[in-house]
Amino acid sequence: MRKPSDTIRGHRAGAALAALVAGALTLTACSGGDGKKDADEGGGGATASTVTLPKLNGTELEVAAVWTGTEQANFKKVLAEFEKRTGAKVTFVPAQDPIINFLGSKIAGGQPPDVALLPQPGAIKQAVDKKWAKPLGPDAVKELSKNYSQGWQDIGKVGGKPYGVYYKAANKSLIWYNAPVFENAGAKEPKTWAELLTAAQAVYDSGVTPFSVGGADGWTLTDWFENVYLSQAGPEKYDQLAKHKIKWTDPSVKQALTTLAQIWGKKDYVAGGADGALQTEFPASVTQTFTGGDQPKAAMVYEGDFAQVNIGETKAKVGADAKVFPFPSVGSTAPVVSGGDAAVILKDSKGAQALATFLASPDAATVQAKLGGYLSPNKNVPDSAYPNETQRTIAKALIKSGDDFRFDMSDQAPQAFGGTPGKGEWKDLQDFLKNPKDVAGTQARLEKDAAAAYGNGG
455 MRKPSDTIRG HRAGAALAAL VAGALTLTAC SGGDGKKDAD EGGGGATAST
505 VTLPKLNGTE LEVAAVWTGT EQANFKKVLA EFEKRTGAKV TFVPAQDPII
555 NFLGSKIAGG QPPDVALLPQ PGAIKQAVDK KWAKPLGPDA VKELSKNYSQ
605 GWQDIGKVGG KPYGVYYKAA NKSLIWYNAP VFENAGAKEP KTWAELLTAA
655 QAVYDSGVTP FSVGGADGWT LTDWFENVYL SQAGPEKYDQ LAKHKIKWTD
705 PSVKQALTTL AQIWGKKDYV AGGADGALQT EFPASVTQTF TGGDQPKAAM
755 VYEGDFAQVN IGETKAKVGA DAKVFPFPSV GSTAPVVSGG DAAVILKDSK
805 GAQALATFLA SPDAATVQAK LGGYLSPNKN VPDSAYPNET QRTIAKALIK
855 SGDDFRFDMS DQAPQAFGGT PGKGEWKDLQ DFLKNPKDVA GTQARLEKDA
905 AAAYGNGG
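Taken in order, the sequence shown gives residues 455 to 912; the numbers are from the working numbering.
Here it is in structure tokens:
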């Protein structure tokens with residue numbers, strides 16, 4: 455299974471951001487935390503126009519993305535708004551993962567979509583290197599410079615040229631918890647890794663397994679690693695490892711894996727044990743944390759803001775039964791890791807450029823923000839567009855971080871290493887979950903796979 459929309463996976467926010475998230479995320483017994491609103495208050499209706507778009511009557515466009523279910527349905531409402539404003543007709547093309555392979559077959563058949571939503575900077579670079587992607591035009595670039603921090607603009611560039619509009623983001627430094635279980639255990643929201651272990655022990659002593667881990671999807675494990683590594687090793691090392699300028703055999707990787715093993719390797723701390731976790735897909739890892747009354751399968755589940763979509767499949771109310779705290783600081787600073795989906799033009803035309811321009815504007819993001827389960831890196835999307843206090847807080851934290859963030863490391867890697875089920879980092883960390891004592895062997899396998907994918911020795 456693919457990462458849900460894969461929005462933002464990598465920042466380091468400063469202490470002010472961590473404080474903002476920590477303070478505000480506790481104030482979420484909020485206005486309708488289930489994200490269900492009527493059409494006027496959050497139904498994704500028309501928004502006031504802030505961007506001028508050309509008339510495109512008779513123009514037909516295709517947009518490809520791997521989004522399914524509610525995510526796809528909500529994005530189609532954004533495309534409908536574009537159609538209404540321009541007269542163009544836009545068809546959504548469901549893509550398979552890895553999307554680069556899907557696009558390759560479409561291009562080989564002479565039928566590329568006009569625009570594709572790519573979930574990794576590495577995929578954008580591949581599309582540019584293969585000469586598939588077309589640079590953004592002046593109107594889209596103008597919207598980007600007006601609405602995005604420099605960091606978000608830069609992550610969409612290849613060779614200094616802007617190719618990607620980061621339409622969708624995720625704050626991937628959050629731990630969701632079952633509030634009644636915490637209350638029963640006398641556990642408190644932790645701010646540090648040591649406090650997280652203390653809370654986990656209190657929960658365990660109360661008779662509930664502390665953590666749910668969706669290990670069947672290797673990307674959840676890379677996200678765990680990245681938060682620990684970013685906080686512990688710091689942003690400079692994070693950047694070096696992301697580019698494979700240091701090896702995975704580096705002592706900083708050993709330290710992060712050893713830290714992870716304090717949870718992954720602790721007997722009865724992971725729901726179902728390692729074998730159970732490796733058979734648990736991400737959606738189930740969330741829902742099993744918030745079902746089962748006072749005896750859920752686990753008390754906590756780590757993942758990004760998009761976990762709210764899965765919590766919505768249970769009876770738990772976000773902000774009341776299901777609460778959230780920032781990923782605790784392992785080193786001196788709490789991490790903020792991000793991921794994102796960027797719109798990239800594959801067939802250059804007036805219509806495709808207009809759609810990229812629209813997706814770079816606050817207008818498009820505001821439509822989807824009202825529908826819930828979505829986060830935008832666009833700083834000019836009004837807070838009021840988000841349907842509940844939890845989402846407003848997460849959005850504010852993301853915007854407040856400005857350029858002080860790191861994008862998801864595995865999303866920056868070549869897909870063979872950082873984005874393929876059953877291979878590379880995903881597989882190596884699944885093996886580590888199964889045998890957390892094998893730190894050195896895990897490092898050696900990670901380095902071997904990274905060197906092959908990056909084409910260098912580190």
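For glycine and all other residues, C-beta sits at the position ideal for the given N, C-alpha and C.
Just so it is clear, the structure is predicted and the values come from calculations on it, not from any experiment.
When you compare only the Cα positions, how much space is there between Gln845 and Ile629?
14 Å
Assess contact between the segment 570-585 and the segment 832-847, defined as three or more Cβ pairs (one per stretch) separated by less than 8 Å. Is contact present?
no
Check each candidate in Gly669, Ala849, Leu650, Gly591 and name the one with the smallest Cα separation from Asn625.
Ala849
How many angstroms separate the CA atom of Tyr723 from the CA atom of Val657?
10 Å
State the DSSP-derived secondary structure class of Glu516, mapped to helix, strand or coil.
Under the three-state reduction of DSSP, Glu516 is assigned to strand.
Just to check my reading of the structure: Asn601 and Ala814 have Cβ atoms closer than 8 Å, yes? What is that Cβ distance to the nearest angstrom?
6 Å
Assuming Ser685 contacts Thr787 (C-beta within less than 8 Å), just tell me the rounded distance between them.
By a beta-carbon distance limit of 8 Å, Ser685 contacts Thr787. Their separation comes to about 6 Å.
Specify the secondary structure class of Ser666 as computed by DSSP and reduced to three states.
strand
So which of Gln866, Leu887, Ala894, Val707 has the shortest CA-CA distance to Tyr908?
Taking only the C-alpha atoms, the option nearest Tyr908 is Gln866.
On the criterion of 16 or more Cβ atoms from any shown chain inside 10 Å, does Ala502 qualify as buried, or is it exposed?
exposed
Between Ser627 and Pro789, how many whole angstroms is the CB-CB distance? I'm expecting something under 8 Å.
5 Å
Leaving aside the five residues before and after Ala715 along the sequence, list all residues of the same chain whose C-beta is less than 6 Å from its C-beta, in chain order.
Pro890
On the criterion of 16 or more Cβ atoms from any shown chain inside 10 Å, does Ser739 qualify as buried, or is it exposed?
With 16 or more other Cβ atoms within 10 Å, it is buried.
What residue range does the alpha helix (DSSP H) around Tyr602 cover?
That residue, Tyr602, is in no alpha helix (DSSP H); it is neither H nor E in DSSP.
Could you pull out every residue in the same chain whose Cβ sits closer than 7 Å to the Cβ of Val595, ignoring the five residues on either side in sequence?
Pro616
Would you mind giving the Cβ-Cβ distance between Glu597 and Val505, rounded to the nearest angstrom? I have them listed as a contact below 8 Å.
Between Val505 and Glu597 the Cβ distance is about 6 Å, and since that is below 8 Å, they are a contact.
Which two residues bound the contiguous alpha helix (DSSP H) that contains Trp718?
It spans 705-718 - the alpha helix (DSSP H) in which Trp718 sits, taken as one unbroken run.
Quick check for students: name the residue ranges of the alpha helix (DSSP H) that lie wholly in the segment 627-686, counting only runs of 4 or more.
633-639, 647-659
State buried or exposed for Thr545, treating a residue as buried only when at least 16 other CB atoms are found within 10 Å of its CB.
exposed
For the 8 Å Cβ check, are there 3 or more pairs between the segment 513-530 and the segment 563-576?
Counting Cβ pairs under 8 Å, three or more are found: they touch.
Measure the alpha-carbon distance for Val619 versus Ala810 and round it to whole angstroms.
7 Å
Near Gln526, what residues of its chain come up, given a Cβ to Cβ distance below 8 Å and the 5 sequence neighbours on each side ignored?
Ala519, Phe546, Pro548
Which residues mark the beginning and the end of the beta strand (DSSP E) in which Val798 is found?
791-799
Measure the beta-carbon distance from Glu843 to Trp702 and round it to whole angstroms, keeping in mind my assumption that it falls under 8 Å.
Not really, about 40 Å apart at Cβ, beyond 8 Å.
Taking Cβ to Cβ, would you say Tyr425 is nearer than 7 Å to Ala753?
Nothing can be reported for residue 425, as the shown portion of the chain is limited to 455 through 912.
What's the call for Leu910, buried or exposed, on a 16-neighbour Cβ count within 10 Å?
Reading the sequence as shown, one finds Asn at residue 910 and not Leu. Exposed.
If I measure Cβ to Cβ from Lys721 and keep anything under 7 Å in the same chain, skipping five residues before and after, which residues do I get?
none
Just the C-alpha distance for Gly793 and Gln655, rounded to the nearest angstrom, thanks.
31 Å
With C-beta atoms as the reference, is Arg899 less than 7 Å away from Asp882?
yes
Under the rule that 16 or more other beta-carbon atoms within 10 Å means buried, what is Pro705, buried or exposed?
exposed
Quick one: what does DSSP say Leu510 is sitting in, helix, strand or coil?
coil
Under the rule that 16 or more other beta-carbon atoms within 10 Å means buried, what is Lys699, buried or exposed?
Classification for Lys699: exposed.
In terms of DSSP beta bridges, what is Gly618 paired with?
Val798
Pull up the CB-CB distance for Asp677 and Val791, whole angstroms please, since I reckon it's below 8 Å.
7 Å
Just mark Lys804 as buried or exposed, buried being the case when its beta carbon has 16 or more other beta carbons within 10 Å.
Counting other Cβ atoms within 10 Å of its Cβ, Lys804 stays below 16 and is therefore classed as exposed.
Given a cut-off of 7 Å on the beta-carbon distance, is the pair Asp802 and Leu571 in contact?
no
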